[in-house]
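Residue numbering for the sequence shown follows my numbering, starting at 2 and increasing by one per position. For every residue, glycine included, the Cβ atom is placed at its ideal position computed from N, Cα and C.
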Amino acid sequence: MTYTRPNVWELGGEWAEPILWYARGVAAMRERPLSEPTSWRFYAGIHGFDRQLWRQLGYLGASDRLPSDALRRRFWAQCQHGSWNFLPWHRGYLLAFEQVVRAEIVRLGGPADWALPYWDYFKPGQNALPPAFARPDWPDGGTNPLFVPARYGPAGDGKVFVPLNNVNLRAMNERAFTGVSNGASPGFGGVDTGFSHSGRIPGALESQPHNMVHVLVGGDNGVLPGVMTVPDTAGLDPVFWLHHANIDRLWESWNRATPSHRNPTGARWAAGPAGRGQRAFAMPKPDGSTWTFTPGEVTDLVTLGYTYTDLPSAIAAAPPAEPRERLARPEIAARLEGARPVPEDTHVELVGTSPGPVPIQGSDIRSHVRLDAGMRRKVTARLAPALRAVGSPAAAPEQVFLNLENIRGQSDRAAFDVYVGVPDDQDPAAFPDRLAGSIAPFGLRKASAPDQEHAGQGLTFVLEITQIVDQLHLDSSFDVDTLPVRIVPIGPVAPEADVSVGRISIFRSGR
Ligand SMILES: [Cu+2]
C-alpha cells in the first residue's frame with residue numbers, strides 16, 4: 002500500500018475526515034501517560050526535552066512520572082540539527098509518528114490508509130494556520146486536541162501565520178546535498194557531522210524555511226516562548242508534524258528536480274551516527290518494539306511506501322533579478338537550472354571580517370565588514386569581460402557568502418533580516434534587492450549554553466550574496482574598504498536576552 006500525504010488546506014473543509022481523524026489520533030495519544038513510548042508527550046520528548054520549559058508551559062505536572070532512564074537514553078533528545086542528518090532523521094521521526102497515530106485511528110474505527118497532512122505555507126492563500134488548529138473547540142466536543150494556547154505567531158498576538166516576506170525557497174537552488182563548514186555553502190541538506198542534537202551550522206533547507214517557520218509560528222508572549230519556538234518543546238504542537246511533512250516534501254521535490262540533486266551515497270552519510278559507533282536513530286513502534294533506522298534506509302519515498310498529493314519536480318525559488326552581465330555567463334545559467342554538481346577544485350577564502358562581535362540591541366543594527374583589498378579585487382575581477390568567457394564546464398562557479406558566525410543569546414524568539422551594502426543613513430526597507438536573507442537561530446538558547454554539545458559556540462548562518470556583490474560592483478559600491486551590513490530584527494529582541502553575532506565575515510569560493 003502507498004500512503005498519500007494530503008495538503009491540509011485542500012481536504013475539503015475545516016474538519017474534513019483526514020484532519021478530524023488526526024485530531025482523534027492525537028487525543029488518544031494524549032490520554033496515554035508520559036512514561037509510555039507511544040504517548041503524545043513521549044513522542045515530543047524524542048525531539049527534545051526541557052524539564053523547566055515543559056513545566057512552565059503546562060506539559061509536565063507534579064504527578065507525572067518520567068519515562069525510565071533506559072527509555073530516555075534510547076529514545077529521548079534525539080533530533081538532529083545543524084547536520085546532514087537533519088532531513089533523514091526527521092523523515093524517520095515522521096514515519097514512526099504517523100504509524101502510531103494511524104494505529105490509534107484504526108483502533109477507533111478510522112481509515113487504514115490515513116496519512117499525515119502537510120502544510121504548504123508557500124501556496125497562495127495557505128500561509129495562515131489551518132483553521133482546525135486555530136480554535137479551542139472541535140466537532141467531538143471538549144477541548145480541541147490540535148489547539149495549543151502557547152502559539153503566539155510572528156507579532157506575539159496569537160495571530161498565527163507564516164509571513165511570506167520572511168520565508169523563501171532559495172534552498173531549492175542549492176546544487177549539492179552536502180555542504181561545507183568553512184565559510185561557503187552548507188549545502189541543501191547540511192554539513193557532515195556525527196550525532197548532532199544541537200548542531201552549529203544548519204543546511205539551506207533547515208535554515209530556511211524550516212527554522213523561520215518554527216520561530217514565527219511559535220513566537221513568544223514576552224515571558225515564555227511558544228511551543229513551536231524551541232526544539233525541546235516543538236514536538237508538543239500538533240502543527241509541528243504538518244510543518245515537517247512539508248519540509249520532507251520539499252526534500253523529495255529537490256531530489257526530483259534534476260538527476261544531479263542526489264542524496265549522499267557514501268557509507269559515511271548512509272550509515273549515520275550508528276555507523277561511527279554513536280547513538281542509533283530509534284523510534285518506538287505501536288506494538289512496543291523499536292524501529293532502528295539509518296539515513297541510507299530513508300532516502301527513497303517509493304521504497305518507504307508513501308507519497309504526497311502534490312509533488313512537483315521543480316519547486317524552485319523565483320530567481321532574483323540579476324544584472325544582465327551575470328545571466329550571460331553560462332555557469333550562472335547552469336546554476337539557476339540547478340544542474341551542475343559542485344566542482345571538486347573549489348576552494349574557499351576569507352575576504353573580510355567585522356572588527357569584533359556585533360551585539361543585537363535595538364531595532365536596526367549597523368555593522369560593517371572590513372574588506373581585504375587584494376581579496377576584494379579577486380572577487381570583482383571575475384566580472385571582467387576576459388573572465389566572463391571562462392564559463393567552461395571545468396571552471397568552478399565563483400560565489401560569495403556572508404557568514405554570521407557564533408550567534409549566541411538567551412532568546413529563542415530572535416529572527417533577523419540581514420542586508421548588505423545599504424548605506425548607514427538609508428532605510429534598508431528601500432533596498433529589497435540588498436536583502437541577503439532572513440535567519441532564525443532556532444535552538445539559540447541551548448546552543449549558547451557552555452555545558453552543551455559545542456561548548457556554547459552558538460549558531461552560524463551562511464547566506465549567499467554573490468548577486469548582491471555583483472550588483473554593488475556594477476554600482477561601484479563594492480570598491481570600498483568596508484561594506485555595511487545591516488541587521489534588522491523581525492520583532493523585538495529583548496536587551497536582557499544578550500543576543501550577539503560573534504563575527505560577521507565574507508568568504509569567496511572558486512578556483
Ligand atoms: Cu523542525
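Check, Outcome
"The stretch 476–483 in contact with the stretch 216–225 per 3-pair CB rule at 8 Å", "no"
"Residue 195 beta carbon less than 7 Å from that of residue 277", "yes"
"C-beta neighbour in chain D for residue 489, strict 7 Å", "Of the protein chains in the structure, only one exists, and it is not chain D."
"Spatial distance of residue 281 from residue 242 (CA atoms)", "22 Å"
"Buried or exposed (CB count within 10 angstroms, at least 16 for buried), residue 364", "exposed"
"Whole-Å CB distance - residue 299 paired with residue 93, under 8 Å assumed", "5 Å"
"Residues near residue 144 in its chain [Cβ-Cβ closer than 7 Å; skip 5 each side]", "137"
"DSSP-derived helix/strand/coil call for residue 202", "coil"
"Pairwise C-alpha distance: residue 288 and residue 500", "45 Å"
"Contacts around residue 10, its chain only, beta-carbon distance under 8 Å, and the 5 residues preceding and following it disregarded", "120, 121, 124, 126, 127 and 131"
"As assigned by DSSP and simplified to three states, the class of residue 88", "helix"
"Residue 310 and residue 5 closer than 7 Å at C-beta", "yes"
"Where residue 336 falls, given that 16 or more other Cβ within 10 Å makes a residue buried", "Caution is warranted here: a pLDDT of 42 is assigned to residue 336, below 50, making its placement in the model unreliable, and no coordinate value can be reported."
"Environment of residue 166 [buried if 16+ CB atoms lie within 10 Å]", "exposed"
"Expected contact under 8 Å - CB spacing of residue 181 and residue 210 to nearest Å", "Actually they are not in contact, since the Cβ atoms of residue 181 and residue 210 sit about 22 Å apart, beyond 8 Å."
"C-alpha distance - residue 376 paired with residue 238, whole-angstrom precision", "47 Å"
"Close beta carbons around residue 187, own chain, < 8 Å, minus the five adjacent residues each side", "180, 181, 202, 203, 204, 205, 208 and 463"
"CB contact flag (residue 191, residue 84, <7 Å)", "yes"
"Residues of its chain near residue 20, where Cβ-Cβ distance is below 7 Å and the 5 sequence neighbours each way are ignored", "9, 12, 118 and 133"
"Local conformation of residue 82 per DSSP, three classes", "coil"
"Candidates 110, 82, 69 and 508: closest to residue 49 by CA position", "82"
"CA-to-CA distance, residue 423 to residue 487, given in whole angstroms", "7 Å"
"Residue 444 versus residue 508 - alpha carbon distance", "25 Å"
"Status (buried if at least 16 other CB within 10 Å, exposed otherwise) for residue 99", "buried"
"Contact check, residue 225 vs residue 57, beta carbons under 7 Å", "yes"
"Pair within 7 Å by beta-carbon distance, residue 407 and residue 468", "no"
"Simplified DSSP state of residue 338, which is helix, strand or coil", "Legend: pLDDT at residue 338 = 38, less than 50; position of this residue unreliable, no value from coordinates given."
"Inter-residue CB distance, residue 491 and residue 412 (contact presumed, cutoff 8 Å)", "The Cβ separation is near 12 Å, so there is no contact."
"Straight-line Cα distance separating residue 266 from residue 303", "17 Å"
"Cβ shell of residue 106 (< 6 Å), same chain only, five flanking positions each side left out", "22, 26 and 115"
"Where residue 262 sits in the DSSP three-state scheme", "coil"
"Proximity below 7 Å, CB of residue 200 to CB of residue 45", "no"
"Distance, residue 77 Cα to residue 328 Cα", "Residue placement at residue 328 is poorly supported in this model, since its pLDDT is 41, which falls under 50; the coordinates are not used for a value here."
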